[in-house]
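Notes to accompany the following structure.
Protein chains in written order, with the UniProt record's numbering: chain A, 1 to 669; chain B, 1 to 676.
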């Protein structure tokens with residue numbers, strides 16, 4: 001009984017294997033028989049032929065695979081000895097009957113070697129995993145360039161349909177075209193794409209292309225870099241159809257000494273043509289990275305199957321982790337930002353000392369709330385690509401999968417996914433994607449062969465790519481790669497470029513699984529571009545600059561900021577506040593019981609989530625996966641199932657009456 | 001309807017109004033007349049009462065008239081006069097500004113910003129009246145602009161009629177029943193268990209007739225006014241008794257916990273809400289209410305285990321067998337019998353276990369305000385427990401959480417007899433008692449199960465679960481096989497009691513189980529030395545390791561994270577918890593749309609097949625544009641959208657207040673004036 005062929009990723013070597021192992025999954029099913037492999041990259045389990053429907057097979061098994069850096073704890077158990085935590089240093093003194101792999105993504109995989117005659121294999125595999133885990137190389141490290149294996153795979157005859165359909169592709173924001181396309185979609189007149197950082201010589205951690213006010217010339221723009229931490233200048237994230245702009249920037253560089261001319265440029269950049277500018281200190285009221293990491297660790301401990309917390313103390317234990325408190329703080333702050341954007345015309349500048357963590361989170365959450373396009377599946381992926389990947393969120397360090405010191409570890413991205421899940425739960429009809437999708441993204445962030453999460457910034461990704469440029473599966477085109485991976489894809493689900501992006505979901509998720517990514521009850525039509533916006537007082541630098549008011553958002557209120565920049569200098573021009581330039585606040589909707597019983601629908605208005613205690617919940621399907629009882633029996637016949645039934649019925653009806661035209665009652669879907 | 005005035009003039013056993021009160025029935029403006037039910041009498045009223053909109057600390061509100069009748073307290077403003085302002089989900093009996101007298105929980109008066117509980121005689125009259133309702137609504141009325149005379153009358157009237165002890169016969173139930181045209185046939189699918197046939201049929205249905213037969217020994221209530229209950233299942237010889245009063249929280253515990261729990265939701269204003277919000281989870285935990293729910297669910301699982309696995313009959317014992325017994329026996333049946341998870345099945349169950357079972361609704365709900373000591377939300381506890389099951393296994397239930405919510409509200413609507421007697425005996429004696437001989441024969445009361453009394457058909461659609469996994473066919477042979485399969489599934493070797501079974505990673509396969517007897521336990525429940533607990537845990541785990549059969553045994557998850565707050569019931573009036581365009585209703589609308597299409601297509605296919613059939617498909621057009629709905633649908637008082645997020649801060653004032661802005665700018669200029 002040989003298992004299905006084990007497909008290795010480039011550079012992968014099998015270190016040990018054991019056949020006829022049983023894997024015990026959640027979801028109410030029994031155990032699955034198959035082969036357990038330990039490679040230099042991951043622990044993989046391949047179900048035996050016939051153990052699984054062929055259509056549910058994928059290139060990389062999302063359910064059974066765990067990358068070595070994602071393993072948190074290995075426990076071997078036997079009927080004759082105490083359960084033992086395995087490390088490379090400790091030697092296994094008994095033949096394990098069961099092996100439990102505790103993963104960082106909250107899964108616990110359990111493998112059972114129950115057939116007799118397996119002892120040597122079981123012993124070998126368990127030891128191999130323990131050692132490989134220590135030796136595991138972080139594929140992001142430059143020195144461990146993956147060698148090409150020339151391992152030609154059997155073509156799976158899985159007829160793939162193009163999935164992107166009407167919703168449009170995911171933009172990777174590696175090419176100029178993507179930046180231009182998105183800027184156009186947002187209808188941000190008065191802004192342009194600047195290629196000033198194309199060679200990363202302005203700021204290595206910034207993307208190649210930046211959105212800046214049209215009237216600000218590159219030569220003026222260059223004056224601004226020196227005055228921000230890590231040279232991360234203010235730049236546009238999102239343009240509100242009503243005219244406001246959301247910008248993000250690093251903190252002011254304390255030691256720099258701006259000249260008068262520089263200050264003019266800074267103002268032009270930050271006010272972006274608006275009469276007023278609101279500085280939002282991202283770190284205020286939000287947890288520090290250390291607090292976040294601590295909360296996540298506590299949460300993980302609480303959600304383990306052998307957590308010692310009694311059932312009647314669960315709620316206070318949950319509160320004590322402070323994780324949900326942090327989620328609430330983020331959701332609340334993002335809604336404040338969105339209300340600012342929607343309420344008046346201004347520029348809102350998110351400012352964080354290095355602009356690489358909480359700014360990513362706030363910028364993307366705010367867009368999820370305010371921009372319906374970001375709530376479609378490709379829109380969301382583009383958002384993550386732009387505000388996290390291209391913006392230089394240090395995924396490698398934060399996820400803690402690599403070598404670097406654990407001090408840098410902080411689950412900022414996971415916090416963002418949790419916040420997104422809260423929004424999906426609160427507004428289930430407003431999102432094109434589902435909880436299953438978020439879960440897949442959550443798990444995938446621990447898989448170390450996706451370029452998306454491998455690198456700390458675009459510059460690093462480019463450098464790692466250069467090392468192995470020759471003879472690889474992608475072709476460098478004039479210095480950058482064409483974003484083909486998502487749309488294209490090789491036959492049989494094998495990636496067309498290596499490392500692939502996480503958005504190539506076919507690699508790890510079967511068609512059935514991917515069908516659950518899309519929310520059939522979500523908005524229809526997806527991404528109608530945000531309509532052309534009212535003309536606005538130009539995004540340019542010149543005219544309006546110097547006549548702006550600067551405010552600071554703190555503790556949910558706005559405070560005047562007489563001194564926008566920290567440098568004390570006489571050279572600063574006087575900031576003349578002009579009341580005329582204050583945009584008029586949005587007229588309040590009619591109040592009182594005299595108005596119609598239902599409010600006017602907010603078709604394109606922002607989502608205003610509730611951040612109150614009862615409204616923010618624990619993401620149980622993610623965090624409680626190791627507690628099997630919590631996961632079973634609640635997969636109701638989903639809307640997807642209903643939609644499917646509807647389709648079937650329509651088909652059958654048509655088959656019965658081949659001649660008859662479609663009746664008017666039949667829905668045109 | 002307004003003919004009730006004439007009726008009241010006749011001598012009647014119901015006399016709510018003293019002659020002085022009749023004087024105040026002056027003619028009022030035509031458009032704000034209260035709508036009165038048959039038998040309902042206006043007792044007192046006050047004009048120019050100002051009702052605050054609850055949402056924020058501001059003093060916004062509307063002027064109107066506050067009235068008190070023998071049925072309800074109602075606030076009438078210009079809005080209530082116009083009919084085009086009807087909410088989509090409307091209760092025909094109790095409007096959104098109506099509070100039935102039985103629904104009033106507590107009344108506070110505000111004197112110089114100080115709240116004081118109002119109970120009996122009043123010396124001073126408050127400037128503000130706060131009414132807390134048992135369905136957790138909170139009303140704030142300002143009486144500052146009302147004539148002093150009217151204030152006195154309305155306040156003492158409301159306090160008197162809602163808070164002071166009352167005779168049973170004075171319940172509105174009786175005036176309604178004698179005045180209302182008796183047009184309901186009363187016979188719906190719900191089995192009322194008031195005839196011998198009903199009991200026989202039920203025994204037949206549950207296959208209990210092998211051992212049990214329906215006996216008529218208690219006819220005329222000679223034997224006992226209350227009846228002990230056994231849950232009867234096919235022929236098990238063993239009998240296990242379980243004294244619930246020693247193994248479950250007492251009524252007092254339940255009442256205390258609920259009193260604490262509901263305080264979290266009876267919110268005066270935004271500030272209060274955000275104040276509790278910070279420590280939400282620990283506050284919730286400290287009320288102990290969720291823990292009580294967990295313990296009842298756990299007990300029900302234990303009983304189910306005895307019945308399913310140990311094949312023992314269980315005799316539940318309690319001093320009166322009309323409180324905790326009702327909860328546990330109903331829960332067990334909901335878990336074990338899929339018929340109890342249909343609407344008519346659940347209603348029959350309530351009839352059987354609670355109404356004819358002799359639960360003292362009058363005392364437990366304190367409808368008559370005789371004594372506070374008897375009060376305990378036992379029935380509400382059952383609904384809370386069932387809600388846990390409904391939200392854990394939605395497809396297994398034909399009804400929705402909205403159904404449970406309106407059922408819990410109906411506890412306080414005294415036009416239905418269902419929840420207004422302590423026992424069947426009490427009902428019968430009061431219906432046909434001597435004193436009523438002069439009346440036109442025995443009363444015909446309405447039953448709460450006739451939902452059309454309260455809701456229009458389109459509103460009733462929200463009570464049924466569109467995703468209910470209906471039972472394939474009532475095919476008897478099939479039914480039997482599922483039962484067999486079920487028993488086999490659960491009959492784990494009982495001999496294990498000697499050497500305690502231990503847990504490994506793989507729990508369910510028997511060979512592993514045996515193997516694990518030797519093995520080491522890894523997991524959460526390491527020290528399970530006491531046998532009963534262990535066998536419970538094993539039963540629970542083994543059930544949860546299998547796929548769910550929505551028509552078979554259903555066990556709730558009772559682990560810490562699984563017991564939740566019934567948000568719809570408890571948070572529905574709190575604007576801070578409202579999500580515009582969000583909540584489950586947003587998808588429910590789409591699901592209903594889909595269901596409708598599926599149904600219409602199925603009808604079409606049936607037509608194709610056999611030419612004649614054309615069933616009426618119930619159209620559900622009300623939810624079409626779900627974008628307009630908020631998460632609190634179908635409840636929230638005033639739904640409206642505001643751009644501002646609910647923030648616990650003073651947020652937007654700064655930006656909006658232009659004057660303030662100017663002031664600040666001045667300061668700002670001063671500060672920076674020397675910078676040039």
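Ideal Cβ positions, reconstructed from N, Cα and C, are used throughout, including at glycine.
For this session: Show which residues of chain B have a CB atom less than 8 angstroms away from the CB atom of residue 271 of chain A.
Result: The premise fails here: residue 271 of chain A is roughly 17 angstroms from chain B at the closest Cβ pair, so nothing lies under 8 angstroms.
Exercise. If you measure from the beta carbon of residue 353 of chain A to each beta carbon in chain B, is any gap under 7 angstroms?
Worked result: Not one chain B Cβ lies under 7 angstroms of residue 353 of chain A.
Exercise. Pick from A:305, A:253 and A:6: whose alpha carbon is nearest that of residue 624 of chain A?
Worked result: A:305
Exercise. Would a check of beta-carbon distances place residue 559 of chain B closer than 7 angstroms to chain A?
Worked result: yes
Exercise. Using 7 angstroms as the limit for Cβ to Cβ distance, is residue 372 of chain A near chain B?
Worked result: no
For this session: Ignore the nearest five residues each way along the sequence and tell me which others in residue 385 of chain B's own chain have a CB closer than 6 angstroms to its CB.
Result: 293, 296, 297 and 331, listed in sequence order.
Exercise. What number of angstroms, rounded off, separates the C-alpha of residue 133 of chain B from the C-alpha of residue 350 of chain B?
Worked result: So the alpha carbons of these two residues sit roughly 24 angstroms apart.
Exercise. Just reading off the alpha helix (DSSP H) that residue 722 of chain B is part of, what are its end residues?
Worked result: With chain B represented from 1 up to 676, any question about residue 722 of chain B goes unanswered, as that position is not in the structure.
For this session: Would you please verify whether the beta carbon of residue 543 of chain B is less than 7 angstroms from any beta carbon of chain A?
Result: no
Exercise. Can residue 612 of chain A and residue 277 of chain B be called in contact, C-beta distance under 7 angstroms?
Worked result: yes
For this session: Give the C-beta separation of residue 295 of chain A and residue 322 of chain A to the nearest angstrom, bearing in mind that I take them to be a contact with Cβ-Cβ under 8 angstroms.
Result: 5 angstroms
Exercise. Under a CB-based cut-off of 7 angstroms, is residue 432 of chain A close to chain B?
Worked result: Answer no: the Cβ-Cβ gap between residue 432 of chain A and chain B never drops below 7 angstroms.
Exercise. Which residue comes first and which comes last in the alpha helix (DSSP H) that contains residue 131 of chain B?
Worked result: Taken as a continuous stretch (DSSP letters only), residue 131 of chain B belongs to no alpha helix (DSSP H), being part of the beta strand (DSSP E) at 128-133.
Problem set entry | Cβ pair count under 8 angstroms reaching 3, the segment 171-188 of chain A against the segment 207-220 of chain A | yes
Exercise. Using CA coordinates, which residue listed in B:420, B:589, B:355 and B:560 is at the minimum distance from residue 167 of chain B?
Worked result: B:420
For this session: Please list the partners that residue 342 of chain B has in chain A, where partner means a Cβ-to-Cβ separation under 8 angstroms.
Result: Chain A residues near residue 342 of chain B: none, gap ~17 angstroms exceeds 8 angstroms.
Problem set entry | Any C-beta of chain B under 7 angstroms from that of residue 422 of chain A | Using a CB distance cut-off of 7 angstroms, residue 422 of chain A does not count as an interface residue toward chain B.
For this session: Tell me the start and end of each unbroken beta strand (DSSP E) in the segment 352-438 of chain A that is at least 3 residues and wholly inside, in chain order.
Result: none
For this session: Tell me, to the nearest whole angstrom, how far the beta carbon of residue 561 of chain B is from that of residue 13 of chain A; I am working on the premise that it is less than 8 angstroms.
Result: In fact, because the Cβ distance is near 41 angstroms, the residues do not count as touching under 8 angstroms.
Exercise. Which residues share a DSSP beta bridge with residue 313 of chain B?
Worked result: B:239
For this session: Please compile the residues from chain E whose C-beta is within a distance smaller than 9 angstroms of the C-beta of residue 336 of chain B.
Result: Among the protein chains in the structure shown, which are A and B, there is no chain E.
For this session: Flag this pair as yes or no: are the beta carbons of residue 243 of chain B and residue 317 of chain B separated by less than 7 angstroms?
Result: yes
Problem set entry | CB contact flag (residue 70 of chain A, residue 38 of chain A, <7 angstroms) | no
For this session: For the segment 339-356 of chain A and the segment 380-397 of chain A, state whether three or more C-beta atom pairs, one from each stretch, are separated by less than 8 angstroms.
Result: Flag = yes, the segment 339-356 of chain A and the segment 380-397 of chain A touch.
Exercise. Hey, is residue 449 of chain B's beta-carbon within less than 7 angstroms of any beta-carbon in chain A?
Worked result: no
For this session: Within 10 angstroms of the Cβ of residue 604 of chain B, are there 16 or more other Cβ atoms? Answer buried if so, exposed if not.
Result: buried
Exercise. Going straight from the alpha carbon of residue 129 of chain A to that of residue 553 of chain B, what length do you get?
Worked result: 42 angstroms
For this session: Would you kindly check if the distance between the Cβ of residue 76 of chain B and the Cβ of residue 64 of chain B is under 7 angstroms?
Result: Yes, these two residues count as a Cβ contact at 7 angstroms.
Exercise. Mapping DSSP to helix, strand and coil, what is residue 430 of chain B?
Worked result: It is helical.
Exercise. Taking just the CA atoms, how far does residue 106 of chain B sit from residue 159 of chain B?
Worked result: Rounded to the nearest angstrom, the gap between the Cα atoms of residue 159 of chain B and residue 106 of chain B is 9 angstroms.
Exercise. Between which two residues does the alpha helix (DSSP H) harbouring residue 343 of chain A extend?
Worked result: 323-343
Problem set entry | Paired residues, beta bridge with residue 305 of chain A - DSSP | Residue 305 of chain A pairs with nothing; no bridge assigned.
Problem set entry | Contacts around residue 298 of chain A, its chain only, beta-carbon distance under 6 angstroms, and the 5 residues preceding and following it disregarded | 321
Problem set entry | Residue range of the beta strand (DSSP E) that includes residue 69 of chain B | 61-69
Exercise. Using a C-beta cutoff of 7 angstroms, does residue 579 of chain B count as contacting chain A?
Worked result: yes
For this session: Identify which residue in A:111, A:175, A:89 and A:19 has its Cα closest to the Cα of residue 385 of chain A.
Result: A:175
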